[in-house]
Amino acid sequence: MAYSYKTKGVCAAYINVEMDGDILKDVEFVGGCNGNLKGISSLVKGMSYGQIKEKLEGTRCGFKSTSCPDQLVKAIEAAMEADK
Numbered sequence: 256m257a258y259s260y261k262t263k264g265v266c267a268a269y270i271n272v273e274m275d276g277d278i279l280k281d282v283e284f285v286g287g288c289n290g291n292l293k294g295i296s297s298l299v300k301g302m303s304y305g306q307i308k309e310k311l312e313g314t315r316c317g318f319k320s321t322s323c324p325d326q327l328v329k330a331i332e333a334a335m336e337a338d339k
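Residue numbering for the sequence shown is 256 to 339, as defined by my numbering.
Right, dumping it as structure tokens:
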């Protein structure tokens with residue numbers, strides 16, 4: 256299932272995710288720190304929602320209360336909720 260998530264409070268404007276159940280098949284960040292986000296995308300592909308949440312939830316970017324990795328967790332949650 257493909258899903259596009261509008262981020263909040265970060266440089267990336269959108270996160271496009273493709274899920275297979277609770278497994279992240281593909282992820283694309285639109286905007287943000289290109290190299291870093293490509294690296295994160297490569298590392299999390301094939302991981303389960305639980306694994307990604309454990310590693311990335313609550314990550315902060317500087318003084319912001321969130322980050323692109325934290326927003327990725329929210330994008331996956333929204334995608335899984337939309338698939339119900």
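In this text, a Cβ means the ideal position worked out from N, Cα and C, and glycines have one as well.
Spell out the partners DSSP gives D281 in its beta bridges. For the purposes of this step, residue 281 is taken as residue 26 along the sequence shown, with counting starting at 1. Beta-bridge annotation (DSSP): D281 is paired with E273.
In the DSSP assignment, what are the bridge partners of K261? Position 6 of the sequence shown, counting from 1, holds the residue named residue 261. Looking at the DSSP assignment, K261 forms a beta bridge with Y269.
Three-state secondary structure (DSSP) of S303: Against the sequence shown, residue 303 aligns to sequence position 48. Strand.
Would you check whether the ligand NAD has a heavy atom nearer than 7 Å to the C-beta of K261? With respect to the ligand NAD, the structure offers nothing, as it holds no ligand at all.
Starting from E312, trace the alpha helix (DSSP H) both ways and give me its first and last residue. In the sequence shown, counting from the first residue as 1, residue 312 sits at position 57. Looking at the DSSP string, E312 is not in any alpha helix (DSSP H), and its letter there is neither H nor E.
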